[in-house]
Every structure is written in structure tokens, then in C-alpha cells.
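124 is the number that my numbering gives to position 122 of the sequence shown; each next residue is one higher, with no gaps.
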Amino acid sequence: MFVGYWNKSVAFTYISVLSAVVGISFVIAHHYTAALLALIVCGIVDSFDGAIARRFDRDEKACNYGVQIDSLADSVAFLALPAAFLITLSHKPVTVAIAAIYVLLGVVRLAWFNVTAEESQGVFHGVPVTQIAVTLPLFYVLTQLIKPSALAPVLTIVLLIVALLFVTDIRIPKPRGIWLVLLVALLVLTAAGLIIVC
């Protein structure tokens, strides 16, 4: 007998964690395009994990578990993987410091989401960490097209700005319906851009 839940309601969340770890392994091997594709996979499965989980009859404990495991998975996929990506590009102290700040503010954002989830139905307070699945690959592609040598400085600035937006109390509606479809389409198009350009 194992602790935790091992059923279809959390399958996509677990896939996100596995994809993130594979992505980190690609980062370590300097296979950056593959790492970003793994990040995009995390973004796609995260777009559907909540909707899938709600299709199952879950008790309160299972629902609470779902909230916690989703944020823990997000911390690996959308915080640890991008931070590892940045650090491998540049080991300068300022880059490492910004990567650390990015992870710290992201963890704060996720913890705040967990404790305010019930009172914030349908709205994000602060930019969600999941958006990095679009932002990081997009800036990577743009930098490769315009000036590849500027990749590390550009992504350092991007991650710092994104980190600050994590904890800025901007109210953003959660994507649903057509907006969710458009988000997934954007992720797929970003993946296509990565494959074509890089």
C-alpha cells in the first residue's frame, strides 16, 4: 500500500512532473530546444489537469490533495526547470541570484494561491507561474532569430520581470472555454516555432 493518490484524477499532474525532470536532464546536457519542448508539454498537460480532476467524484481529502500536488508539480515544472535553464546559460553570480529570486517568488506565489484558492474562484492574484511555458520558449526563439549572443542577458531580465509579476497583485481571470483552447494553441505554435527555428 502506498500513500498519496494514484488514479486518473492526478495522472496529468504526475506527467507534468516527469516531463519537467526530463526537461532538466536536457538542460544539463545543453539540449535547450528539447528542454523547452518538455516545458511546453508541462504547460499543455497543466492546462487540462484541473478540468480532468473535476470529472472524478472526489472527497474533500482528495480535492485538497489535488490542490497541493498541483502546486508542487508546478514548482518543479515552471520554477526549477526555467531556473536550471537560466543557470546553465550563465553561471555569473547575478544570473544565479535572479534564478534564485525567480524560484523564491514563484514558491511564494504558489503558496499564496493554495491558501486563497477558495476565496479566489475564477481569478488569479498575480501572474500564474504556468505562463513561463509560453514566455521562456517565445523569448528563446526571438533571441535566436535576432541576436543569439544576447540569450543569457535577455532571459535573465525576462525571468526577473516575471518573478516580480508573480507577487504583484494583478487580477487575471483563469482561462476557460475558448481562452483555454487559445492558450493550448499558443503553446503548440510556440513548440512548432522552436522546432522550425532552433
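The beta-carbon is built from N, C-alpha and C at its ideal position, and this holds for glycine as well.
Computed from a predicted model, the values in this text were never measured in an experiment.
Helix, strand or coil: which one does DSSP assign to P84? helix
Reducing DSSP to helix, strand and coil, say where F1 ends up. The chain is shown only over 3 to 200; residue 1 falls outside these bounds and no answer can be derived.
Evaluate the contact criterion for the region 14-23 versus the region 66-79: three or more CB pairs, one atom per stretch, below 8 Å. The count of Cβ pairs closer than 8 Å, one atom from the region 14-23 and one from the region 66-79, reaches three, so the stretches are in contact.
Collapsed DSSP secondary structure at I89 in the structure displayed: helix
What does P175 pair with, by DSSP beta-bridge criteria? V125
Counted within 10 angstroms of its Cβ, other Cβ atoms place F4 as buried (16 or more) or exposed: Around the beta carbon of F4, a 10 Å sphere encloses fewer than 16 other beta carbons of the protein chains shown; the residue is thus reported as exposed.
Applying the criterion that 16 or more other CB atoms from any shown protein chain within 10 Å of the CB defines a buried residue, is V117 buried or exposed? Classification for V117: exposed.
Note down, one range per segment and in chain order, each alpha helix (DSSP H) of at least 4 residues found wholly within the region 109-166. 134-148
Taking C-beta to C-beta, are G108 and S151 nearer than 8 Å? no
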